Amino acid sequence: EGLYDRLREQKLSKPILTGLHEIAQACQSSDYPRGLMAHTGLISGGSFSEISSFMPGLKSLMQIATQLRV
C-alpha cells in the first residue's frame, strides 16, 4: 500500500501522522534538511513496516528538491 491508500483508510498511527505533518511543513517552507531530519526520526522511531512502502520515495523527493534548490 502506498501513502495515499494508508491516509485514505486511516491506517497510520498518530506518531507517523505527526512525523508526516512535520515533513510536509518543512517542505512547504523549502526547508528540506529539516524534512530529511524528520524522515530519519520516523525511520528510526520504529514501525518501519508501517511506512516502508513510501518513505524511500519521500526521501528521494526531498533530496532532489535540495539538489535543484526549488
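For the sequence shown, my numbering gives the first residue as -18, with consecutive numbering after it. C-beta: ideal position from N, C-alpha, C; glycine also. Here the structure is a predicted model, which means the values were calculated and not measured.
Among residues of its own chain, excluding the 5 on either side of residue i, which ones have a beta-carbon nearer than 7 Å to its beta-carbon?
i        : result
Ile(-16) : Per the sequence shown, residue -16 should be read as Leu rather than Ile. If we look at Leu(-16) and ignore the five residues flanking it on each side, its Cβ neighbours are Phe35.
Glu31    : Leu(-7), Ser(-6) and Ile(-3)
Name the residue from the options whose alpha carbon lies nearest to the alpha carbon of residue i.
i        : options                               : result
Leu39    : Glu(-10), Glu(-18), Asp(-14) and Leu1 : Leu1
Ala19    : Val51, Ala5, Glu31 and Ser28          : Ala5
Leu(-7)  : Ser11, Ser28, Val51 and Pro37         : Ser28
Arg(-13) : Arg50, Ser33 and Ser10                : Ser33
Gly26    : Thr(-1), Glu(-18) and Glu(-10)        : Thr(-1)
Taking Cβ to Cβ, would you say residue i is nearer than 7 Å to residue j?
i     : j     : result
Met43 : Gly22 : no
Starting from residue i, trace the alpha helix (DSSP H) in both directions and tell me its first and last residue.
i     : result
Phe35 : Counting along the chain, Phe35 falls outside any alpha helix (DSSP H), and DSSP gives it neither H nor E.
Gly22 : Tyr13 to Ser25
Spatial neighbours of residue i within its chain, please: C-beta separation below 6 Å, excluding the five flanking residues on both sides.
i     : result
Thr47 : Tyr13
Glu3  : Ala19
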